[in-house]
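All letters in the sequence shown, in the order written, are residues 10 to 486 by this note's numbering. As structure tokens, the structure follows; a few thoughts come after it.
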Amino acid sequence: MQLNFIDNYPVSSMSMRSIPVIDPSDGLVFDDIQHSDAQDIDAAVQSARGCFEGPWSRLSAAERGRLLQRLSARVAEHADELALLEQRDCGKPTKQARADVAALVRYFEFYAGACDKLHGETLPYQSGYSVFTWREPHGVTGHVIPWNYPMQIFGRSVGGALAAGNCCVVKPAEDACLSILRVAQLAADCGFPPGAINVVTGFGHEVGQALAEHPGVDHISFTGSPRVGTLIQQTAAKRHCPVTLELGGKSPQIVFADADLDAALPVIINAIVQNAGQTCSAGSRVLVEQAIYQPLLERLGQAFAALRVGPAGMDLDVGPLIRAGQKKRVTDFLAEARRDGIRTVAEGEIVAEAPAGGYYQAPVLLADVPVQHRLAQEEVFGPVLAAMPFRDEDHAVELANATRFGLVAGVWTRDGGRQLRMARRVRSGQVFINNYGAGGGVELPFGGYKSSGYGREKGFEALYGFTVLKTVAVRHG
Ligand code: NAP
Ligand code: MG
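What follows is the structure in structure tokens.
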């Protein structure tokens with residue numbers, strides 16, 4: 010039985026209800042978490058407020074940095090335990106679960122070093138005045154975390170908020186709470202004061218909604234679906250609470266005929282099968298210059314056919330999807346593709362050892378997907394890659410920008426001028442040239458154009474979102 014983590018203590022929800030925790034590799038219940046409600050959120054917000062006004066505000070930036078550095082080291086010491094927990098809770102193959110822990114270690118390390126480097130400016134003004142700015146924390150920040158990368162998104166969001174001097178209330182997705190609860194305990198063990206990090210588990214429409222509504226929450230950071238992003242925005246707007254939204258994408262890999270295909274192919278495949286395609290920045294569309302479209306499809310098809318799917322512990326190319334509902338979402342998309350005559354080029358294989366109760370989906374490569382089709386427009390959030398040809402640079406830009414999203418894009422070409430033209434013309438928060446995802450990129454600002462959301466997380470840039478700027482003007486004659 011897992012408890013909430015409030016004021017540095019594991020506590021039951023006030024309702025004393027629970028939610029079962031399922032292993033996606035076999036569909037079996039192996040634990041349970043608290044089914045919390047608005048009262049638990051209120052207790053967590055009060056604890057965070059007390060910490061923000063008390064011990065947290067008395068720490069210098071350098072002392073906050075030392076605490077975050079200690080937490081980074083503590084997470085690294087517990088890497089095996091956390092990876093196993095994540096593997097079981099989320100169905101992540103071992104390599105992926107370990108990579109997530111490594112990213113968490115880096116987020117805390119990066120933000121530890123950033124704490125005492127966040128400063129204001131002095132501004133020229135009229136004679137007889139000195140004017141300067143302070144970057145102040147919001148106060149209590151709310152963090153609604155999705156299930157696809159719980160540790161990474163916790164690290165980037167809570168790491169940045171703490172570094173900027175805020176205290177946090179975290180609502181993980183009910184499918185992925187265990188690693189976050191454990192990291193909150195590790196933070197308490199290494200000296201974070203009570204209330205700096207609180208974690209309340211439960212359903213989004215109850216506790217997530219209560220967090221977004223709570224008048225004691227000064228900023229909300231949300232990662233998840235566009236639908237819930239809109240709800241959070243509407244709720245927060247009623248009290249003019251600022252929000253940062255990261256709402257996913259339909260990110261293109263744009264491959265020109267002059268590209269180094271040997272370098273591009275493994276990256277393109279990994280970008281869609283990593284985490285079984287349940288990645289906001291998944292490269293879920295591949296746009297290919299006409300001259301190499303058929304040969305590239307053939308090579309991609311061979312690689313897809315060789316992909317193996319199985320239980321997280323087998324550490325194959327692809328693990329299970331997070332839950333039955335997500336598998337249904339993906340199979341519904343594929344049924345729609347079949348109904349509309351979209352060509353399947355190749356499919357991976359689910360290994361015989363995969364338990365029947367697990368949520369397995371073989372990776373699928375689809376060809377000639379019409380640009381207006383839902384498979385070219387909407388996030389499937391599964392290992393499904395949609396390919397389409399383009400004629401020239403203008404057409405590539407048109408297709409790349411033809412969705413409501415704009416999170417990440419990959420451009421593959423050896424032509425230097427084209428690399429920069431494409432980077433300018435594609436409307437997305439990150440553009441990678443001859444690479445994709447840049448190895449996690451803790452240091453690199455990340456966020457959307459258009460319906461992929463707004464505000465930036467990761468990197469130093471995130472600290473501006475986790476602070477408010479105050480201007481102080483002194484008249485001294
Ligand atoms: P979701 O509903 O948007 O969930 C994301 C987070 O928001 C979870 O912690 C969820 O809690 C919470 N939430 C749900 N309803 C809420 C509400 N009314 N108020 C406040 N918080 C709320 O995403 P999902 O249903 O798990 O996944 C659906 C689709 O969203 C996916 O197929 C994918 O396309 C997209 N998605 C994108 C990302 C991304 O990284 N951009 C991440 C996850 C999902 P509970 O889960 O506990 O209810
Ligand atoms: Mg689970």
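Ideal placement from N, C-alpha and C gives every residue a C-beta, glycine not left out. Source: prediction; values computed, not measured.
**Item:** Identity of the residue in A315, G151, R248, E358 nearest L254 by Cα
**Value:** As a working mapping, residue 254 is identified with position 245 in the sequence shown. L254 has its Cα closest to that of G151, out of A315, G151, R248, E358.
**Message:** Helix, strand or coil, according to DSSP, for Q11 in the structure here?
**Reply:** Numbered from its first residue, the sequence shown carries residue 11 at position 2. It is coil, neither helix nor strand.
**Item:** Backbone CA spacing between G233 and L113 [nearest angstrom]
**Value:** Position 224 of the sequence shown, counted from the first residue, corresponds to residue 233. Position 104 of the sequence shown, counted from the first residue, corresponds to residue 113. Going from the Cα of G233 to the Cα of L113 covers about 19 Å.
**Prompt:** Mapping DSSP to helix, strand and coil, what is Y369?
**Reply:** Taking the sequence shown and counting its residues from 1, one reaches residue 369 at position 360. Coil.
**Message:** On the CB-based measure, 16 or more other CB atoms within 10 Å of its CB, does M25 come out buried or exposed?
**Reply:** Against the sequence shown, residue 25 aligns to sequence position 16. Exposed, by the Cβ-count rule.
**Request:** Along the beta strand (DSSP E) that carries E298, what are the first and last residues, could you check?
**Result:** In the sequence shown, residue 298 corresponds to position 289, counting from 1. E298 -> beta strand (DSSP E) spans 294-298.
**Message:** On the criterion of 16 or more Cβ atoms from any shown chain inside 10 Å, does K337 qualify as buried, or is it exposed?
**Reply:** For the purposes of this step, residue 337 is taken as residue 328 along the sequence shown, with counting starting at 1. Per the 10 Å Cβ criterion, exposed.
**Message:** Please report the straight-line C-alpha distance between D341 and P33, rounded to a whole angstrom.
**Reply:** In the sequence shown, residue 341 corresponds to position 332, counting from 1. In the sequence shown, residue 33 corresponds to position 24, counting from 1. Rounded to whole angstroms, the separation of the alpha carbons of P33 and D341 is 19 Å.
**Item:** From A395, D16, Q386, T480, residue whose alpha carbon lies closest to that of S461
**Value:** Position 452 of the sequence shown, counted from the first residue, corresponds to residue 461. For the residues A395, D16, Q386, T480, the minimum Cα distance to S461 belongs to Q386.
**Request:** Taking R6 as the reference, give the member of D349, F313, D89 with the closest Cα.
**Result:** There is no way to answer for residue 6, as the model of the chain reaches only from 10 to 486.
**Request:** Check whether the Cβ atoms of I189 and P159 lie closer than 8 Å to each other.
**Result:** As a working note, residue 189 is residue 180 in the sequence shown. As a working note, residue 159 is residue 150 in the sequence shown. Against a cut-off of 8 Å, the Cβ pair of P159 and I189 comes out as a contact.
**Prompt:** Does ligand 1 have even one heavy atom less than 7 Å from the beta-carbon of I241?
**Reply:** Walking along the sequence shown from the start, residue 241 turns up at place 232. True, at least one ligand heavy atom lies under 7 Å from that Cβ.
**Message:** Is H228 a contact residue of ligand 1, with contact defined as CB to any heavy atom under 7 Å?
**Reply:** Looking up residue 228 in the sequence shown gives position 219. Not so, every heavy atom of ligand 1 lies at least 7 Å from the Cβ.
**Through-space distance from L309 to L316, alpha-carbon basis** = The sequence position of residue 316 within the sequence shown is 307, counting from 1. The sequence position of residue 309 within the sequence shown is 300, counting from 1. Roughly 11 Å separates the two Cα atoms.
**Message:** Quick check for students: name the residue ranges of the beta strand (DSSP E) that lie wholly in the region 19-98, counting only runs of 3 or more.
**Reply:** Listed in chain order, the complete beta strand (DSSP E) runs (minimum 3 residues) inside the region 19-98 are 27-32, 37-43.
**Request:** Using beta-carbon positions only, say whether A197 and N17 come within less than 8 Å of one another.
**Result:** Reading the sequence shown from its first residue, position 188 is the one you call residue 197. Reading the sequence shown from its first residue, position 8 is the one you call residue 17. Result yes, Cβ atoms of A197 and N17 sit closer than 8 Å.
**Message:** Buried or exposed for H223, going by 16 or more other Cβ atoms inside 10 Å?
**Reply:** Here residue 223 refers to the residue found at position 214 of the sequence shown. Buried is the call here.
**Message:** Buried or exposed for A3, going by 16 or more other Cβ atoms inside 10 Å?
**Reply:** With the chain covering 10 to 486 only, the question about residue 3 has no answer from this structure.
**Message:** Taking 7 Å as the cut-off, is the C-beta of D184 nearer than that to any heavy atom in ligand 1?
**Reply:** Within the sequence shown, numbered from 1, the residue matching residue 184 stands at position 175. Yes, the Cβ of D184 comes within 7 Å of a heavy atom of ligand 1.
**Own chain partners of V110 with C-beta closer than 7 Å, once the 5 adjacent residues on each side are dropped** = Sequence index remark: in the sequence shown, residue 110 carries index 101 (1-based). If the five residues before and after V110 are omitted, its C-beta is found closer than 7 Å to the C-beta atoms of V84, A88, L91, A92, M160, all from its own chain and listed in chain order.
**Prompt:** Curious, which full-length alpha helix (DSSP H) runs of at least 4 residues does the region 213-271 contain?
**Reply:** Runs found: 218-222, 235-246.
**Asked** If you pair each beta-carbon of the region 43-52 with each one of the region 73-82, do three or more pairs fall below 8 Å?
**Response** No: the two stretches stay apart, fewer than three of their Cβ pairs being nearer than 8 Å.
**Message:** Assuming A321 and K101 are in contact, meaning their beta carbons sit under 8 Å apart, how far apart are those beta carbons, in whole angstroms?
**Reply:** Start at 1 with the first residue of the sequence shown, and residue 321 comes out as number 312. Start at 1 with the first residue of the sequence shown, and residue 101 comes out as number 92. Rounded, the Cβ-Cβ distance is 6 Å, consistent with contact.
**Message:** Restricting to Cα atoms, I'd like to know which of R427, K459, R400 is closest to V417.
**Reply:** As a working note, residue 417 is residue 408 in the sequence shown. Of the candidates R427, K459, R400, the one whose C-alpha sits nearest the C-alpha of V417 is K459.
**Request:** Could you spell out the range, first to last residue, of the alpha helix (DSSP H) harbouring K336?
**Result:** Numbered from its first residue, the sequence shown carries residue 336 at position 327. Segment 333-348, the alpha helix (DSSP H) holding K336.
**Request:** Please state whether DSSP places I206 in a helix, a strand or coil.
**Result:** Taking the sequence shown and counting its residues from 1, one reaches residue 206 at position 197. DSSP places I206 in strand when its eight states are reduced to three.
**Request:** Leaving out five residues on either side along the sequence, give the residues of the same chain with a beta carbon under 6 Å from the beta carbon of Q487.
**Result:** With the chain running from 10 to 486 in the structure shown, residue 487 is simply not present.
**Request:** Could you tell me how far apart the beta carbons of Q499 and F390 are, in whole angstroms, since I believe they sit closer than 8 Å?
**Result:** Residue 499 cannot be examined here, being either before or after the span of the chain that is shown, 10 to 486.
**Request:** May I have the straight-line CA-CA distance separating P304 from L394, to the nearest angstrom?
**Result:** The residue you call residue 304 lines up with position 295 of the sequence shown. The residue you call residue 394 lines up with position 385 of the sequence shown. Separation of P304 and L394 (C-alpha to C-alpha, rounded to the nearest whole angstrom) is 16 Å.
**Message:** I'd like to check one pair, A273 with E298: are the Cβ atoms closer than 8 Å?
**Reply:** To locate residue 298, count along the sequence shown from 1; it is residue 289. To locate residue 273, count along the sequence shown from 1; it is residue 264. Using a Cβ distance threshold of 8 Å, E298 and A273 do not count as a contacting pair.
**Request:** Spell out the partners DSSP gives A355 in its beta bridges.
**Result:** Position 346 of the sequence shown holds residue 355. For A355, which the question treats as bridged, DSSP gives the partners L374.
**Asked** beta strand (DSSP E) containing Y138: first to last residue?
**Response** For the purposes of this step, residue 138 is identified with residue 129 of the sequence shown, where counting begins at 1. Segment 138-146, the beta strand (DSSP E) holding Y138.
**Message:** What I want to know is whether the C-beta of I15 ends up closer than 7 Å to one or more non-hydrogen atoms of ligand 1.
**Reply:** Along the sequence shown, one-based indexing puts residue 15 at 6. Checking every heavy atom of ligand 1 against the Cβ of I15, none is found closer than 7 Å.
**Item:** Residue-level contact to chain C via CB, G438, 8 Å cutoff
**Value:** No chain C appears in this structure, which consists of one protein chain only.
**Asked** Taking the alpha carbon of G148 as the point to measure from, which residue in A121, G425, V167 has its own alpha carbon closest?
**Response** The residue given as residue 148 occupies position 139 in the sequence shown. Of the candidates A121, G425, V167, the one whose C-alpha sits nearest the C-alpha of G148 is V167.
**Request:** Could you tell me whether the region 467-480 touches the region 235-250, using the rule of 3 or more Cβ pairs below 8 Å?
**Result:** no
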